[in-house]
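A short worksheet on the structure shown next.
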Amino acid sequence: MKLSFSPEDELFRDQVATWLRDNLAGEFEKLKYRGGPGDEHMFPAERQVWEQKLAEGGWTCVGWPREYGGRGCSIEQQVIFFEEYARAGAPGRVGHIGEGLAGPTIIAFGTEEQKRKYLPGIVAGTQLWCQGYSEPSAGSDLANVKTRARLDEARGKWLLNGQKVWTSLAHEADFCFVLARTDPDSVAHKGLGFFLVAMDQPGIEVRPIEQITGTSEFNEVFFDDAECRADDIVGEPGDGWKVAMGLLGFERGVSTLGQQMQFQNELDEVVRFAKGNGAANDPVIRQRIARAHAELKIMRYNSLRMLSGQSASDGALQKEALIYKLFWATWHRTLGELAMDVLGPECDILEGAPYALSRLQSMYLFVRSDTIYGGTNQIQRNIIAERGLGMPREPKGTAR
Amino acid sequence: MEFAFTQEQEMIRETAAAFLAEVSDSAAVRRAMATERGYEPALWDRVCGEMYWQAIHVPEEYGGMGLGYVELVATMEQMGRFLLCSPFFATVCLAGNALRVAGSKEQQSRWLGQLCEGKLTATLAFNSGSSDWGADAITATWRREGDAYVLNGCYRYVIDGHTADLLVIAAREEDSKGEAGIGLFLLPAATAGVECRWLPTMDQARKQAAVRITEVSVGTEAVMGELGQSWEALARVIDIATIALAAEQVGGCQQLLDMTVAYTSERVQFNRTIASYQAVKHKAADMMLRTEVARSAIYYAACIAQEALEGTALSGELSEAASVAKSYCSDAYFAVAGDALQLFGGVGFTWEYDVHLYLKRAKSSEHLLGNGTYHRERLACSLLD
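Protein sequences, first through last, are from chains A and B. In short: position in the first sequence from 1, add 63, done, that's this note's numbering. In short: position in the second sequence from 1, add 1414, done, that's this note's numbering.
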């Protein structure tokens, strides 16, 4: 057990930091600290240009194998990359769904043809992806998806009908991976398929959802005989759940370290305000800031434990990984409350009309989603108790 | 960067767990805690003779095993899990670390040698009765008289102070304030003018004492480090010991969680095991979260403590790591103990079930060497002032 990185890795850190310093300048200067959660609607076009700039430097898909266009970085180097990326204040990645979710899924489960067709656009930062999972009646109960896919054999196409919701980046994305029911008589996790669907077609309509922040990062996506080539299903019809669950494993990767660096940036801003307005002299605020600091520090080491540890032979998550979502989401929500309490009555005053939120105000509102999406805190507790502690599973209900 | 146990460390942990499950079951703990001494000498002899834990992180040149603080923390975690009644924490984590950090070569070879042979128990006394565990907690004094030093003062919360053979004590120069004037002295407990009195405690499984020192005269051989300048060394000792104490807290959390899951999986009400109720599962999930987060904190802190003992790159992070770990683990242990008692229901309130032993330890350890509030304020000072 040791905390320090090797000299080679420290050289790599310098290389990343130097590239970012040299390139996150000029036309990209205004993107610093922008486009993160709660701010994803800002500068989408410019951020895609930035994505391509990263690709030129070989800084997209750093953890992917070289044969698929990745950089083949070790876990340590990926940690370093994501940390330095966030430390530099580089913008939220518009390509993260392709790089972190769609790509790894295609690499793990896709055909050679799918790899050839889809991976290069992700690596180059030219093609963006979104995720078609949640539906109005399939939130925490994701297996309850109702969107249907029917194979029109004459045309060699799947036809999709239904509705997805909470689809971030749908209005920018070129492709969407969609979980849909291939067997109309099936229920729950059986009879699903995993489809790669082009967004630019008449059968798809995207409607933004206006959020608590007054901005729109999420969308509803309507499928009305939307088409998908017969070859663009990942795995067999009926394998969709297995593919989707495999993908969830990719979500808990090293990018959590970068997320923490962004949390650190936010906490630093809270500390700056507290020092500026005297809140730092309030003993209760001092305790809360110190608690946030201590827990963020531990969060980093919890992630390092996750990354260093061996997975169980059945691929089950280790205990420190099982608790991670509940821990960071709750921490982040608490930071939002702390930020407003540091601001005091000023927390209510906007930067301008009609609804211009400051970064901390936007963070405070946006973090309410953290304990809901990707498995609510309540669902997380069920998972921890059932998978981590072996307690009885929740009984299946009968309501329809 | 590697943040998992090595195979050897894994083995040390498993060996400790297997040994303690055998020798420190509920009956053994209850036998030991009912005595004034607080531990069974025969068991301590086995710990020293078979496990060699008293020597775990002492350098080989002094007869130790030469392992690191990560190994010590892994072992301490298991001692906390099984509530081992022994003078380990006082002897090794308090006095032993004081000798490591502040002792001269001669002092180390004389005292660490005996300590490693299992012939000597020891402890550290510095707090005269304050909830602030910084330099202001020291009110005992020293003054120079010719070639000798005369010591006076009182200490409380001295772990195993009534049974220790050797005391490491902190005193300040008469009329000094704050971090100035602090000296560290080695004092055999049998010295005339040293009075060690057992303080009965709510947590009976760990004994505390009050020490009174009246006009005790010692020579230069008793002085550790630079007389009058020893606060910095003592602060390091306290931080390193604090990290070991936090590891004990994590072990306690784990045991409470395991006990609670086992109990709720057997207890049936309304024709269901109570473990099947979501209200119970969610509380258990929160207990596991606190336990795992606390564990991440102590493994990180153990690495830092090791660097501090070796004086390597990250030693500067010691006081932060100690405060991060102790603040989180203190609150976690007490919260987990409270939840465990609640989920055990009525039987958790009885003397017969072991939950109360952990509830009492949790509160005691929370306050020992500074509670969450104290350690967060330390962090706040470096962040905000």
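For every residue, glycine included, the Cβ atom is placed at its ideal position computed from N, Cα and C. All values derive from a computational prediction rather than experimental measurement.
Counting only the same chain and skipping the five closest in sequence on each side, list residues whose C-beta sits under 6 Å from that of residue i.
i: A/Arg213; result: Leu222
i: A/Pro300; result: Thr245, Gly256
i: A/Ala233; result: Cys193, Val269, Asn282, Val284
i: B/Ser1737; result: His1789, Arg1792, Leu1793
i: A/His395; result: Val430, Asp433
i: B/Asp1589; result: none
Taking only beta-carbon positions, decide if residue i is within less than 8 Å of chain A.
i: B/Thr1787; result: yes
i: B/Leu1757; result: no
i: B/Met1702; result: yes
i: B/Ala1699; result: yes
i: B/Thr1489; result: no
i: B/Leu1723; result: no
i: B/Glu1468; result: Residue identity differs from the one stated: residue 1468 of chain B is Gln in this sequence, not Glu. No, B/Gln1468 does not count as interfacial toward chain A.
i: B/Thr1429; result: no
i: B/Glu1588; result: no
i: B/Cys1717; result: yes
Answer yes or no: does any C-beta atom of chain B fall closer than 8 Å to that of residue i?
i: A/Tyr148; result: no
i: A/Arg218; result: no
i: A/Lys338; result: yes
i: A/Ser67; result: yes
i: A/Ser371; result: yes
i: A/Ala80; result: no
i: A/Asn445; result: yes
i: A/Asp77; result: no
i: A/Gly451; result: yes
i: A/Arg129; result: no
i: A/Gln140; result: no
i: A/Pro455; result: yes
i: A/Phe361; result: Sequence check: residue 361 of chain A is Ile here, not Phe. Yes, because at least one Cβ of chain B sits closer than 8 Å to the Cβ of A/Ile361.
i: A/Leu74; result: no
i: A/Ala462; result: no
i: A/Ala151; result: no
i: A/Leu117; result: no
i: A/Glu71; result: no
Tell me, which residues are paired with residue i by DSSP?
i: A/Gly256; result: A/Ala243
i: A/Thr439; result: Answer is none; A/Thr439 lacks a bridge partner.
i: A/Arg270; result: A/Glu283
i: A/Lys65; result: B/Glu1416
i: B/Leu1580; result: B/Ala1536, B/Pro1602
i: B/Gly1597; result: B/Ala1585
i: B/Thr1687; result: B/Val1682
i: B/Tyr1563; result: B/Arg1558, B/Val1632
i: B/Leu1723; result: BP columns for B/Leu1723 are empty, so no partner.
Only counting the same chain, and skipping five residues up and downstream in sequence, which positions put a Cβ closer than 8 Å to that of residue i?
i: B/Arg1445; result: Glu1454
i: A/Asp288; result: Leu222, Leu223, Asn224, Gly266
i: A/Gly438; result: Ser203, Lys388, Ile446
i: B/Leu1755; result: Gly1762, Phe1763, Val1769, His1770, Leu1773
So, using beta-carbon positions, are residue i and residue j closer together than 8 Å?
i: B/Cys1462; j: B/Gly1532; result: yes
i: A/Leu389; j: A/Asn440; result: yes
i: B/Ala1488; j: B/Gln1423; result: yes
i: A/Gln177; j: A/Leu94; result: no
i: B/Gly1517; j: B/Met1701; result: no
i: A/Met64; j: B/Glu1416; result: yes
i: B/Leu1457; j: B/Ala1655; result: no
i: B/Gly1633; j: B/Ala1562; result: yes
i: B/Gly1665; j: B/Met1465; result: no
i: B/Ala1539; j: B/Ile1657; result: no
i: A/Glu280; j: A/Ser231; result: yes
i: B/Val1582; j: B/Gly1607; result: no
For a cutoff of 8 Å on Cβ pairs, would you count residue i as touching chain D?
i: B/Ala1794; result: Of the chains in the structure shown, none is chain D; the protein chains are A and B.
Excluding the 5 residues flanking residue i on each side, which residues of the same chain have their C-beta closer than 7 Å to its C-beta?
i: A/Glu109; result: Leu94
i: A/Trp304; result: Ala206, His252, Leu255
i: A/Glu147; result: Arg76, Val79, Ala80, Leu83
i: B/Thr1553; result: Ser1542, Gly1567
i: A/Ile160; result: Trp192, Cys193, Gln194, Leu232
**OP:** With 7 Å as the C-beta to C-beta threshold (strictly closer), list the residues of the segment 382-410 of chain A near chain B in chain order.
**Re:** Those would be Lys382, Glu383, Ile386, Leu389, Phe390, in chain order.
**OP:** Mind checking the segment 224-248 of chain A against chain B and listing, in chain order, the residues whose C-beta falls within less than 9 Å of any C-beta there?
**Re:** Contacts with chain B (Cβ-Cβ distance below 9 Å) from the segment 224-248 of chain A involve no residue at all.
Subject >> Near-chain A residues of the segment 1616-1643 of chain B (beta-carbon distance less than 8 Å), N- to C-terminal order >> reply: Identification of residues in the segment 1616-1643 of chain B having a C-beta nearer than 8 Å to some C-beta of chain A yields an empty set.
**OP:** Anything in the segment 321-354 of chain A with a Cβ closer than 7 Å to a Cβ of chain B? List those residues in chain order, please.
**Re:** Within the segment 321-354 of chain A, the qualifying residues are Val334, Ala337, Lys338, Ala343, Arg349, Gln350, Ile352, Ala353, Arg354.
Original post:
Using a Cβ cut-off of 8 Å, which residues of the segment 185-209 of chain A contact any Cβ in chain B, in chain order?
Top reply: Residues passing the 8 Å Cβ filter: none.
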